[in-house]
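K.L.:
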Amino acid sequence: MSETPSNAPDTPAASNFVRDLVRADNEQGTFGGRVQTRFPPEPNGYLHIGHAKAICVDFGIAEEFGGLCKLRFDDTNPVTEETEYVDAIVDDVRWLGFEPGEPVYASDYFETLYQWAEHLIATGFAYVDDQDAETISAQRGGYGRPGVESPFRDRSVEENLALFRAMRSGDLPDGSHVLRAKADMQHENMQLRDPIMYRIRHEHHHRTGDQWVLYPTYDWAHGQSDAIEGVTHSLCSLEFDSHRALYDWYLEHCPLPGDQPRQTEFARLELTYTITSKRKLRQLIDDGVVDGWDDPRLPTLRALRRRGYPATAIRSFCDFIGVAKTNSRHQIEMLEWFIRNELNRTALRRMAVLRPIKLVVTNWPAGHVEMVELVNNPENPDDGVREVPFTGEVWIEDDDFKAEPPPKYFRLTPGREVRLRGAYYVQCTGFSNDADGNVTEVHCTYDPDTRGGNAPDGRKVKATIHWVSTAHAVPIEAALYERLFAAEVPGERTGDPIDDLRPNSKTVLAGKAEAALGDVAPGQVVQFERLGYFARDGERAGLFHRTVGLKDDWANAQKRTK
RNA sequence: UCCGGGGUCGUUCAAUGGUAGGACGGCAGGUUUUGGUCCUGCAUAUAGGGGUUCGAGCCCUCUCCCCGGAACCA
57 MSETPSNAPD TPAASNFVRD LVRADNEQGT FGGRVQTRFP PEPNGYLHIG
107 HAKAICVDFG IAEEFGGLCK LRFDDTNPVT EETEYVDAIV DDVRWLGFEP
157 GEPVYASDYF ETLYQWAEHL IATGFAYVDD QDAETISAQR GGYGRPGVES
207 PFRDRSVEEN LALFRAMRSG DLPDGSHVLR AKADMQHENM QLRDPIMYRI
257 RHEHHHRTGD QWVLYPTYDW AHGQSDAIEG VTHSLCSLEF DSHRALYDWY
307 LEHCPLPGDQ PRQTEFARLE LTYTITSKRK LRQLIDDGVV DGWDDPRLPT
357 LRALRRRGYP ATAIRSFCDF IGVAKTNSRH QIEMLEWFIR NELNRTALRR
407 MAVLRPIKLV VTNWPAGHVE MVELVNNPEN PDDGVREVPF TGEVWIEDDD
457 FKAEPPPKYF RLTPGREVRL RGAYYVQCTG FSNDADGNVT EVHCTYDPDT
507 RGGNAPDGRK VKATIHWVST AHAVPIEAAL YERLFAAEVP GERTGDPIDD
557 LRPNSKTVLA GKAEAALGDV APGQVVQFER LGYFARDGER AGLFHRTVGL
607 KDDWANAQKR TK
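Every position in the first sequence, counted from 1, becomes a number in my numbering once 56 is added.
Given below as C-alpha cells:
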C-alpha cells in the first residue's frame, strides 16, 4: 500500500506536516527510529468516509516508515458500545485494504489504568470528589473566569484510596463519586481544571461484562493506552487540540513502561452535500428517510461499498487530499472523479436501456437475428469482446429520440442518421405516438452496408446510441441515486441538516438489458454504456445501484440553458 | 470575554526567505463507434495595514475573519 496509487494524478508525493514531523523524529532518533500509530474508533456506530481518511493516515504513516498501526477500540463508555459495531469496523477496515491484525481494546487496560490511578492518588495528583456533575461543572468556571476548588480536593491519600477502592467495589451508586485529576483549577485551558478520570456506571460492558463499575473517561484512557501499546505518534482530529495539554499531563504523572507518545492533530475529512454526524445519520434511518446503514446514499463505508465505490479509489482520494490543519470541506466531485477514474479502467461495458422506447427497423428482414461484436472495455483490450444479438426491433433510451430536437441535438430525430452501437447506421423515417402525444415507437431504416457501425463511403454520424434487442432483453431494476442533501453544507441555513434533505434522492427504474447482465457477480461494478457505473446488488440478481454517472457535458449544458 | 488552532485560484492541497504550482470544477478547441476516456489551451489566489530583508505567502507587529474549547461523550 505504500506505492503510489495507480490512479492518482501524476504528481510528486505531496508533503504534509505529519509526514514531515515523523521524518524529523526519525532523523533525530526521538523514538529510537520507531513509528507506531493507532486507529482508535469507539465501537458505537459504523465507519464513514471521514474515518477512511483517518484510517489512511494512521495506517499509511506507519506503513510508510516501516512502523506498526493497531486498530484499537476506545471502549470506555459501556452505555453506547456494542460488539456488533466492533465486528463491522474490523470488516470495514479490512475492506478498505488495511490489515488490522488482532484488534486491541482500551478495556484491555482497565486494570493497569486502575493501578496508575492509585499511583496518581498516592502521589497527590488525584482525588475523589463527592459532588454531583452539575456542581462540578459550575465550579469549573468559564472562559476568562476563575475556577473554584472542590471542598474535597485536599482529602488525605489514605481517605482517597479507601474511597476509590469503595468506588471500585460496586457498593457506591452511579454519580455518587468521581475520581478527579488534581491539576490546576485556574488553568486557562479548561481541560486542565481537575478533569474527571473515573465515573461509576453500573452497566454491562460489551467485553468486560459486569467486572467493572468504574469506567475511565476518554482523556484518562487514551494517552495511557497509547503508552502501554508503545504508540509513538498519536494522530487525531483537530477538536482534540485543547486536550493535548491534558494528554501530556497524565503521561508525565504515570509510571510509563517506555517513551511518552505525542499527540498531533489534523483536520478531519468533510465533504460537500454530505453529513457524517452519527446522531443525524441515525435519525435518517429511524425516520425512514433511508433504508439502513448501508443505504447507498449514506457516506458510511458499508453504503459506499454497496454502491460500488472501489476501496482503492477511496484510498487514492484520501492519499491525494493530504493532511493539513485547515478546517476544510472537499467537493464531492473530487471523490467522484477518483471513483470514475478507477472504474473507467476496470469496469466492463454493457448495454442497458433504463427508460425504454421501441425502435423498429422497417426494412429489416422479418425474424432475422444477427450477432454483432462489442468490445468489453475500450480501456483494456485484455477484457476482450462479446457477441450481442441484433434484430429489427430494439429498445433505445427515450432521451435518444426527439420529435422536435433542441439546438445541437445529435441523436435521433426525423430524417437524422445515427449509429446503433456495434450494429448499423439507422435513419429515422418517422414515429408514432399515443393520445397524450408520448412517443411510443420510432421508425427507422438501416443501411446494410454499415454492418459493425462503419460506412464504407466514409460518411459520418454525430451520435452513437446504445440499444437492446427486444426479443433478447432481460429485465433489470436500476436504482438511481441523487445527493441526499440539496445544500453544499447541509444544515448551514437552519442548523439542522434535515432541513436540507432533497425530496427524491432515489429513483428505481425498470430497464431492459443485454443478457450478459445476468452474469454480473454480486457487488461487481459495470458500466452501462453512456449512462454510468452500476453495482450489482449483493443479494438480488437483476438489481443494480448506480455508483456514479458518467460525466455528461450534454446534460450539463441542457441544465444550464434552462 | 479568555485560551488554542487556522486564513494561498470557485474548491482543495503544495511552495519549509529566492520563478506562487498541482488536482477537481469552469471555459475553449482537438481526437473518438460512449456528448465517456484521452490530448491541447485559457481564466482565477497569498485577508488588510505597518515593518525586517537585496528579496516575504513564509520572519516581526497590529487589525480583521473562520474553527475549536467550560460532558461523569469520544
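Note that CB positions come from ideal geometry on N, CA and C, so glycine has one too.
How long is the line joining the alpha carbons of residue 216 and residue 115, rounded to whole angstroms?
P.N.:
Cα to Cα, residue 216 sits roughly 41 Å from residue 115.
K.L.:
May I ask you to report which of helix, strand or coil DSSP gives residue 567?
P.N.:
Reduced to three states, the DSSP call for residue 567 is strand.
K.L.:
Let's see if you can read the secondary structure: which residues bound the alpha helix (DSSP H) around residue 74?
P.N.:
Note, residue 74: alpha helix (DSSP H), 73-84.
K.L.:
Under the rule that 16 or more other beta-carbon atoms within 10 Å means buried, what is residue 220, buried or exposed?
P.N.:
Buried is the call here.
K.L.:
Compare the Cα-Cα distances from residue 213 to each of 177, 204, 201, 223 and report the closest residue.
P.N.:
Comparing Cα positions, the closest option is 177.
K.L.:
Alpha carbon to alpha carbon, what distance is there between residue 439 and residue 306?
P.N.:
Cα-Cα distance, rounded: 58 Å.
K.L.:
What is the DSSP secondary structure of residue 293, counted as helix, strand or coil?
P.N.:
In this structure, residue 293 counts as strand in the three-state DSSP scheme.
K.L.:
Check whether the Cβ atoms of residue 399 and residue 327 lie closer than 8 Å to each other.
P.N.:
No, they are not a contact pair.
K.L.:
Reducing DSSP to helix, strand and coil, say where residue 562 ends up.
P.N.:
Strand at residue 562.
K.L.:
Just how far apart, CA to CA, sit residue 265 and residue 73?
P.N.:
One C-alpha to the other measures close to 41 Å.
K.L.:
What residue range does the beta strand (DSSP E) around residue 616 cover?
P.N.:
Segment 609-617 is the alpha helix (DSSP H) holding residue 616; no beta strand (DSSP E) there.
K.L.:
Just checking, does the segment 157-176 make contact with the segment 123-142 on the three C-beta pairs under 8 Å criterion?
P.N.:
Contact between the segment 157-176 and the segment 123-142 is present, because at least three Cβ pairs lie under 8 Å.
K.L.:
Tell me the DSSP secondary structure of residue 504 in three-state form.
P.N.:
Three-state result, residue 504: helix.
K.L.:
Who are the near neighbours of residue 424 in its chain, counting only those whose CB is closer than 8 Å to its CB and skipping five residues on each side?
P.N.:
So the qualifying residues of the chain are 447, 448.
K.L.:
Quick check on the DSSP output: the beta strand (DSSP E) that includes residue 276 runs from which residue to which?
P.N.:
Careful: residue 276 lies outside any beta strand (DSSP E), inside the alpha helix (DSSP H) at 274-285.
K.L.:
Take every Cβ of the segment 318-336, pair it with every Cβ of the segment 280-294, and state whether three or more of those distances are shorter than 8 Å.
P.N.:
Taking 8 Å as the limit for Cβ pairs, the verdict is that the segment 280-294 does touch the segment 318-336.
K.L.:
On the DSSP bridge assignment, give the partners of residue 398 in chain order.
P.N.:
Answer by DSSP bridge pairing: none, since residue 398 is not bridged.
K.L.:
Give a yes or no on whether the C-beta atoms belonging to residue 361 and residue 151 are separated by under 8 Å.
P.N.:
A contact, by the Cβ cut-off of 8 Å.
K.L.:
To the nearest angstrom, how far is the alpha carbon of residue 610 from that of residue 454?
P.N.:
Between residue 610 and residue 454, the C-alpha separation is close to 15 Å.
K.L.:
At the level of alpha carbons, what is the spacing between residue 369 and residue 405?
P.N.:
Approximately 19 Å, taken between the alpha carbons.
K.L.:
My output table needs one value for residue 419: the three-state DSSP class, helix, strand or coil.
P.N.:
If DSSP states are grouped into helix, strand and coil, residue 419 belongs with coil.
K.L.:
Can you list, in chain order, the residues of its chain whose CB lies under 6 Å from that of residue 414, leaving out five sequence neighbours each side?
P.N.:
Contacts found: 497.
K.L.:
Who are the near neighbours of residue 224 in its chain, counting only those whose CB is closer than 6 Å to its CB and skipping five residues on each side?
P.N.:
Closer than 6 Å at the Cβ level, and outside the excluded window around residue 224, lie 270.
K.L.:
Which first and last residues belong to the alpha helix (DSSP H) in which residue 223 is found?
P.N.:
Start and end: 213-225.
K.L.:
Please check the pair residue 482 and residue 545, which I expect to be a contact at CB under 8 Å, by giving their CB distance rounded to whole angstroms.
P.N.:
So it is not a contact: roughly 48 Å between Cβ atoms.
K.L.:
Roughly how many angstroms lie between the CA atoms of residue 478 and residue 587, to the nearest whole one?
P.N.:
Using only the alpha carbons, I get a separation of about 17 Å.
K.L.:
Counting along the chain, where does the alpha helix (DSSP H) carrying residue 146 start and finish?
P.N.:
It spans 139-152 - the alpha helix (DSSP H) in which residue 146 sits, taken as one unbroken run.
K.L.:
Going along the chain, which residues of its own chain have a beta-carbon closer than 6 Å to the beta-carbon of residue 605, five neighbours each way excluded?
P.N.:
Around residue 605: 588.
K.L.:
Ordered along the chain, which non-local residues of its own chain (more than five positions away) have a Cβ less than 6 Å from that of residue 579?
P.N.:
Taken in chain order, the residues that qualify are 594.
K.L.:
Just reading off the alpha helix (DSSP H) that residue 193 is part of, what are its end residues?
P.N.:
Taken as a continuous stretch (DSSP letters only), the alpha helix (DSSP H) holding residue 193 covers 189-195.
K.L.:
I need the straight-line Cα distance from residue 376 to residue 356, nearest angstrom please.
P.N.:
Looking at the two C-alpha atoms, the distance is approximately 20 Å.
K.L.:
Here's the rule: buried if 16 or more other CB atoms are within 10 angstroms of the residue's CB, otherwise exposed. What is residue 199?
P.N.:
Burial call: exposed.
K.L.:
With 16 other CB atoms within 10 Å as the buried threshold, where does residue 185 fall?
P.N.:
Answer is buried; the Cβ neighbour count reaches 16.
K.L.:
For the segment 81-127, which segments carrying the beta strand (DSSP E) assignment without a break, of at least 3 residues, lie completely within its bounds, in sequence order?
P.N.:
Those beta strand (DSSP E) runs which fall completely within the segment 81-127 and span 3+ residues are 92-95.
K.L.:
Please classify residue 171: is it buried, with 16 or more other beta-carbons within 10 angstroms of its beta-carbon, or exposed?
P.N.:
Residue 171 comes out exposed.
K.L.:
With distance defined between alpha-carbon atoms, name the residue in 505, 523, 428 nearest to residue 515.
P.N.:
Considering only alpha carbons, the answer is 505.
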